[in-house]
Amino acid sequence: MFLNSLPTNFAALEVGQHLYWQIGNIRLHGQVFLTSWILLGALLVFISLGTKKMENDPKGLQNLLEFLWDYIRDLARTQIGEKVYRDWMPFIGTLFLFVFVSNWGGALIPWRLIKLPSGELGAPTADINTTIALALLVSLSYFYAGLSNKGWRYFEYYVHPTPIMLPFKILEDFTKPLSLSFRLFGNILADELVVGVLVFLVPLVLPIPVMFLGLFTSAIQALIFATLAAYYIGEAVEEHH
Amino acid sequence: MLAFDFFGATEGGLFDINATLPLMAIQVVVLTYILNSLFFKPVGNVVEKREKFVSNNIMDAKNKLSEVEKLEADLLSQLQSARSEAQKIVSEAENESDKLYKEALELANNEANASKEKARLEIENQTSSAREQLFNQAADLSELIVNRLILEK
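Chains as they are written, first to last, in my numbering: chain A, 625 to 865; chain B, 44 to 196.
Here it is in structure tokens:
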């Protein structure tokens with residue numbers, strides 16, 4: 625490929641290289657699991673600290689967690705609707721927290737200082753496997769939500785205003801996970817690459833604004849992912865009259 | 044699977060999809076259950092309990108406020124009626140006292156007039172008797188004078 629002709633030290637960015645774990649027959653991207661375990665472990669510690677002593681007058685961490693809970697509830701309620709948002713709030717919230725923690729953890733923690741035999745640590749969401757896994761979970765969720773709420777009437781959605789919509793609606797079931805996964809993957813990977821290239825070229829000062837932009841993008845992407853997931857579920861459970 | 048040879052990586056590449064995908068999906072599902080029992084349920088319970096408490100209190104306060112307003116209106120109308128009653132009583136008493144005053148005045152006037160009339164009559168009587176007496180005396184005196192004059196002659 626044409627990129628092979630670039631100087632060899634460009635490979636210091638190590639794009640597309642993975643730390644492979646071989647378990648029996650299957651191969652895993654070890655760096656994705658390592659970072660996700662560290663970040664999710666930190667998230668769980670944070671949450672257990674905040675919910676250890678729940679009081680009626682919230683203080684400190686509990687206050688922050690309640691704000692977060694309220695934020696996620698508002699998100700789920702506005703997108704899914706008053707009737708069933710309670711069932712899906714933990715899923716939407718988990719998606720939001722997972723993507724947010726992964727994105728910010730990937731951007732804020734200097735993973736490059738930890739040398740791996742192959743590949744490098746980074747945001748788990750910069751790996752296509754993670755984002756496709758999340759997107760497929762969203763697809764399964766909205767099918768399940770539609771079928772469990774409306775039974776076979778869920779499929780009325782496909783011919784809803786007119787049967788002409790049928791092919792487009794079927795196509796949507798494929799484009800939804802595709803756009804979800806590639807949007808997240810592309811944004812986070814691009815952010816990591818831009819910061820990586822800038823740090824590689826100009827190691828001082830210049831990458832800092834781009835890093836801030838990266839943090840902003842990361843937060844926005846988490847919000848977009850959770851909002852779209854909630855919107856798809858809301859669309860599936862919506863009653864047409 | 045979809046292993047494109049991107050950026051010259053010998054194996055894998057950006058679009059290397061393998062068992063990481065299902066395992067990550069399982070991990071996220073497990074995380075959903077953990078976060079549900081660790082975060083969403085307990086925090087939700089606390090927040091919803093507090094929201095219920097607050098809304099109950101607001102309802103209570105609203106009920107009390109409307110009760111207070113009702114009582115206030117009641118009191119105000121009572122006050123109004125009491126005031127008008129007092130006004131009525133005062134005006135009645137004023138009328139009464141006015142009447143009494145007029146009656147007393149008339150009585151006193153009549154009495155005064157009567158005694159004045161009596162006094163006048165008495166004065167008139169005395170005057171006329173005194174005049175009569177004086178006339179008699181003058182007659183006597185003149186007779187006396189006449190007699191004397193006649194006798195001296």
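Ideal Cβ positions, reconstructed from N, Cα and C, are used throughout, including at glycine. No experiment lies behind these values; they were computed from the predicted model shown.
C-alpha distance - residue i paired with residue j, whole-angstrom precision
i, j, result
"residue 666 of chain A", "residue 863 of chain A", "40 Å"
"residue 58 of chain B", "residue 786 of chain A", "38 Å"
"residue 776 of chain A", "residue 705 of chain A", "20 Å"
"residue 62 of chain B", "residue 643 of chain A", "13 Å"
"residue 822 of chain A", "residue 749 of chain A", "21 Å"
"residue 77 of chain B", "residue 676 of chain A", "15 Å"
"residue 836 of chain A", "residue 724 of chain A", "15 Å"
"residue 141 of chain B", "residue 132 of chain B", "14 Å"
"residue 752 of chain A", "residue 741 of chain A", "21 Å"
"residue 685 of chain A", "residue 673 of chain A", "8 Å"
"residue 107 of chain B", "residue 113 of chain B", "10 Å"
"residue 695 of chain A", "residue 118 of chain B", "48 Å"
"residue 829 of chain A", "residue 818 of chain A", "14 Å"
"residue 683 of chain A", "residue 691 of chain A", "11 Å"
"residue 774 of chain A", "residue 851 of chain A", "22 Å"
"residue 145 of chain B", "residue 165 of chain B", "30 Å"
"residue 123 of chain B", "residue 150 of chain B", "40 Å"
"residue 83 of chain B", "residue 783 of chain A", "36 Å"
"residue 639 of chain A", "residue 779 of chain A", "42 Å"
"residue 796 of chain A", "residue 789 of chain A", "10 Å"
"residue 71 of chain B", "residue 722 of chain A", "8 Å"
"residue 647 of chain A", "residue 56 of chain B", "20 Å"
"residue 99 of chain B", "residue 92 of chain B", "10 Å"
Residue from the options with nearest C-alpha to residue i
i, options, result
"residue 90 of chain B", "A:689, A:673, A:662, A:672", "A:689"
"residue 746 of chain A", "A:674, A:654, A:856, A:700", "A:654"
"residue 755 of chain A", "A:741, A:812, A:792, A:701", "A:812"
"residue 728 of chain A", "A:818, A:843, A:824", "A:843"
"residue 769 of chain A", "A:709, A:656, A:650, A:793", "A:709"
"residue 855 of chain A", "A:793, A:662, A:672, A:700", "A:700"
"residue 853 of chain A", "A:780, A:758, A:781", "A:758"
"residue 794 of chain A", "A:767, A:680, A:721", "A:767"
"residue 716 of chain A", "A:726, A:831, A:693", "A:693"
"residue 718 of chain A", "B:64, B:74, B:66, B:70", "B:74"
"residue 69 of chain B", "A:649, A:641, A:660, A:648", "A:660"
"residue 65 of chain B", "A:820, A:761, A:663", "A:761"
Exposure of residue i, with buried meaning 16 or more beta-carbon neighbours within 10 Å
i, result
"residue 102 of chain B", "exposed"
"residue 735 of chain A", "buried"
"residue 739 of chain A", "exposed"
"residue 191 of chain B", "exposed"
"residue 744 of chain A", "buried"
"residue 816 of chain A", "buried"
"residue 714 of chain A", "buried"
"residue 765 of chain A", "buried"
"residue 805 of chain A", "buried"
"residue 671 of chain A", "buried"
"residue 712 of chain A", "buried"
"residue 193 of chain B", "exposed"
Neighbour flag for residue i against chain B, beta carbons, 8 Å
i, result
"residue 851 of chain A", "no"
"residue 763 of chain A", "no"
"residue 600 of chain A", "The structure shown does not extend to residue 600 of chain A, since chain A spans only 625 to 865, so no value can be given for it."
"residue 727 of chain A", "no"
"residue 752 of chain A", "yes"
"residue 712 of chain A", "no"
"residue 672 of chain A", "yes"
"residue 825 of chain A", "no"
"residue 651 of chain A", "yes"
"residue 720 of chain A", "no"
"residue 735 of chain A", "no"
"residue 744 of chain A", "no"
"residue 693 of chain A", "yes"
Contacts around residue i, its chain only, beta-carbon distance under 6 Å, and the 5 residues preceding and following it disregarded
i, result
"residue 839 of chain A", "731"
"residue 652 of chain A", "645"
"residue 808 of chain A", "749, 755, 845, 849"
Min CB distance residue i to chain A below 8 Å
i, result
"residue 93 of chain B", "yes"
"residue 99 of chain B", "no"
"residue 103 of chain B", "no"
"residue 66 of chain B", "yes"
"residue 59 of chain B", "yes"
"residue 62 of chain B", "yes"
"residue 70 of chain B", "yes"
"residue 132 of chain B", "no"
"residue 118 of chain B", "no"
"residue 49 of chain B", "Reliability of the predicted coordinates at residue 49 of chain B is poor, the pLDDT of 43 falling under 50, and the value obtained from them is presented with this limitation in mind. True, the Cβ-Cβ gap to chain A drops below 8 Å."
"residue 78 of chain B", "yes"
Contacting residues, own chain, Cβ-Cβ under 7 Å from residue i (five flanking each side not counted)
i, result
"residue 687 of chain A", "none"
"residue 858 of chain A", "703, 704, 705"
"residue 656 of chain A", "748, 751, 753, 754"
"residue 137 of chain B", "none"
"residue 126 of chain B", "none"
Sequence-distant residues of its chain with Cβ nearer than 8 Å to residue i (five each side left out)
i, result
"residue 861 of chain A", "704, 705, 707, 708, 769, 770, 773, 774"
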